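*Asks:* Counting from 912, one number per residue, gives the positions in the sequence shown under the numbering used here. Even for Gly, the Cβ is constructed at its ideal location relative to N, Cα and C. Quick caveat, the model's predicted, so the values are computed rather than measured. What follows is a single structure, and I will ask about it in a moment.
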Amino acid sequence: MPGHAHHQTVSRASSLSTDARRLKLLSFNVQAGIYSRSYSDYFTNSWKHILPHPERLANLTRIGQLLHQFDLVGLQEVDAGSLRSAYIDQIQYLARHGAFPHWYRQVNRNLGPFAQHSNGLLSRLRPQQITEHKLPGLPGRGAVVAELGLSDHETLAVAIVHLALGWRARRRQLDYLIALSEQHPYLVIMGDFNCGCDSKGLRAMVKKAEMRGLDCELKTFPSWRPKHNLDHILVSRPLRVIAARVVDYALSDHLPISMTIELPEGVTFSADADGPAPKSAR
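See the structure below:
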């Protein structure tokens, strides 16, 4: 499939275990740690997208407290360490505050010292491998795919995405995700899709890829008065959805969305998924 990038191992933090068949997922667009309470904040807080502010770190700490209850977290609009984040890698920071053993960053838009726009992965299970994908359209959109080992020698692939604002590029990106689904019988796609149930392209992708989990009632944006379901967690048909909800935790302009999934009967996460991570290749 075009768009594969390098494989990379993950970094260490601390270790917790998870259920043998169930996984608690969270997807959260954290807006680089900027707290928003109204549309006017986009104007009054615009400078925070460029310059550091002490409130940002306090906000990230509160986000880290939320993450403790989940097994795998996908982050969007997270900064990998630049001027605006006081050169703190926000993915690593949230991994430590959420007590995640394994974390990974995918920098999609590298503006040098000014911004490091990224997707982030936090996991309590050790991925067998992690692959970066550059999504179609203008540079700056990507997907990071983590593969977790299963007892039937398959893997559960978890893709973290942040799709384009424009519908033309987004349609091509959704087609890319359909192709990705053909490679993985067990697949989770989660993130900020920048479109909701009214999107023909999204509905077509869900149908063609045979995914479940698209719920029009799970509205995540804007966080202070959610009207749009822009954030989704979609799973392939062999996986069972136990529960899904929007988490009322308004620390960004998006609310986080969570889902508990279960592997098919007789399939568990492999025993080495709780083992130590290999040394980071970063």
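1. Which stretch, first to last residue, makes up the beta strand (DSSP E) that contains H1073?
2. Just to check my reading of the structure: R933 and I1172 have Cβ atoms closer than 8 Å, yes? What is that Cβ distance to the nearest angstrom?
3. Kindly examine the ligand ADP and report whether one of its heavy atoms sits closer than 8 Å to the Cβ of I1100.
4. DSSP three-state call for D1142: helix, strand or coil?
5. Looking only at its own chain, which residues have a Cβ that is under 7 Å from the Cβ of E1093, when we skip the five neighbours before and after it?
6. If L1150 sits next to D1159, beta carbons under 8 Å apart, how far is it from one beta carbon to the other, in whole angstroms?
7. Using the three-state DSSP reduction, which class does L1160 fall into: helix, strand or coil?
8. Using a Cβ-Cβ cutoff of less than 6 Å, which residues in the same chain neighbour E1176 once the five nearest sequence positions on both sides are dropped?
9. I'd like the list of long-range same chain contacts for C1106, defined as Cβ closer than 8 Å, with 5 residues on each side in sequence excluded.
10. State the start and end residues of the unbroken alpha helix (DSSP H) segment that holds E966.
11. Could you tell me the boundaries of the beta strand (DSSP E) in which Q1084 lies?
12. Rounded to whole angstroms, what is the Cα-Cα separation between P1096 and A1090?
13. In chain order, what residues of the same chain have a beta carbon less than 6 Å from the beta carbon of V1018, not counting five sequence neighbours either side?
14. Can you find the residues in the same chain that come closer than 6 Å, C-beta to C-beta, to A1068, ignoring five residues on each side of it along the sequence?
15. Determine the extent of the alpha helix (DSSP H) in which Y1004 is found, giving its start and end residues.
16. Taking its Cβ as the centre, do 16 or more other Cβ atoms sit within 10 Å of P1133, making it buried, or is it exposed?
17. Return the CA-CA distance between Q976 and D982, expressed in angstroms with no decimal places.
18. Just verifying my parser: in three-state terms, what is the DSSP assignment at V1117?
19. What three-state label does DSSP hand G1112 in the structure shown?
20. Taking the alpha-carbon of I999 as reference, which of L1032, A943, D1086 has the nearest alpha-carbon?
21. Alpha carbon to alpha carbon, how far is S993 from V1157?
*Replies:* Looking at the coordinates:
1. Against the sequence shown, residue 1073 aligns to sequence position 162. Looking at the DSSP string, the run of the beta strand (DSSP E) that includes H1073 is 1066 to 1073.
2. As a first step, residue 933 is located in the sequence shown; it is residue number 22 there, counting from the start. As a first step, residue 1172 is located in the sequence shown; it is residue number 261 there, counting from the start. I1172 and R933 do touch by the CB rule: their CB atoms are close to 7 Å apart, below 8 Å.
3. Of the ligands one can find in the structure shown there are none, so the ligand ADP has no counterpart to examine.
4. For the purposes of this step, residue 1142 is identified with residue 231 of the sequence shown, where counting begins at 1. The answer is strand: DSSP assigns D1142 an E or B state.
5. To locate residue 1093, count along the sequence shown from 1; it is residue 182. Contacts found: none.
6. Taking the sequence shown and counting its residues from 1, one reaches residue 1150 at position 239. Taking the sequence shown and counting its residues from 1, one reaches residue 1159 at position 248. With a contact defined as Cβ atoms closer than 8 Å, L1150 and D1159 miss out at about 25 Å.
7. On the sequence shown, residue 1160 is found 249 positions in, with the first residue counted as 1. Note on identity: in this sequence residue 1160 is Tyr, with Leu being the wrong assignment. Y1160: coil per DSSP, three-state reduction.
8. Counting from one through the sequence shown, the residue named residue 1176 turns up at place 265. Cβ contact annotation for E1176 (same chain, cutoff 6 Å, sequence separation greater than five): none.
9. If you number the sequence shown from 1, residue 1106 lands on position 195. Taken in chain order, the residues that qualify are L1074, W1078, R1081, G1112, L1113, L1141.
10. For the purposes of this step, residue 966 is taken as residue 55 along the sequence shown, with counting starting at 1. Unbroken alpha helix (DSSP H) run through E966: 965 to 978.
11. Walking along the sequence shown from the start, residue 1084 turns up at place 173. Annotation: Q1084 is outside any beta strand (DSSP E); the continuous alpha helix (DSSP H) that includes it extends over 1078 to 1092.
12. Counting from 1 along the sequence shown, the entry for residue 1096 is found at position 185. Counting from 1 along the sequence shown, the entry for residue 1090 is found at position 179. Roughly 12 Å between the two C-alpha positions.
13. Your numbering for residue 1018 matches position 107 in the sequence shown. So the list reads A991, Q1027, S1029, once near-sequence residues are dropped.
14. If you number the sequence shown from 1, residue 1068 lands on position 157. If we look at A1068 and ignore the five residues flanking it on each side, its Cβ neighbours are V1056, E1058, H1095, L1098.
15. Locating residue 1004 in the sequence shown gives position 93, counting from the first residue. Residues 1001 to 1008.
16. Position 222 of the sequence shown, counting from 1, holds the residue named residue 1133. Buried, by the Cβ-count rule.
17. What you label residue 976 is simply residue 65 of the sequence shown in a count that begins at 1. What you label residue 982 is simply residue 71 of the sequence shown in a count that begins at 1. Distance between the alpha carbons of Q976 and D982 is about 13 Å.
18. Taking the first residue of the sequence shown as 1, we reach residue 1117 at position 206. In the three-state DSSP reduction, V1117 falls in the helix class (H, G or I).
19. Indexing the sequence shown from 1 puts residue 1112 at position 201. Looking at G1112 - three-state DSSP - the assignment turns out to be helix.
20. For the purposes of this step, residue 999 is taken as the residue at position 88 of the sequence shown. Of the candidates L1032, A943, D1086, the one whose C-alpha sits nearest the C-alpha of I999 is A943.
21. Working through the sequence shown from its first residue, we reach residue 993 at position 82. Working through the sequence shown from its first residue, we reach residue 1157 at position 246. Between S993 and V1157, the C-alpha separation is close to 30 Å.
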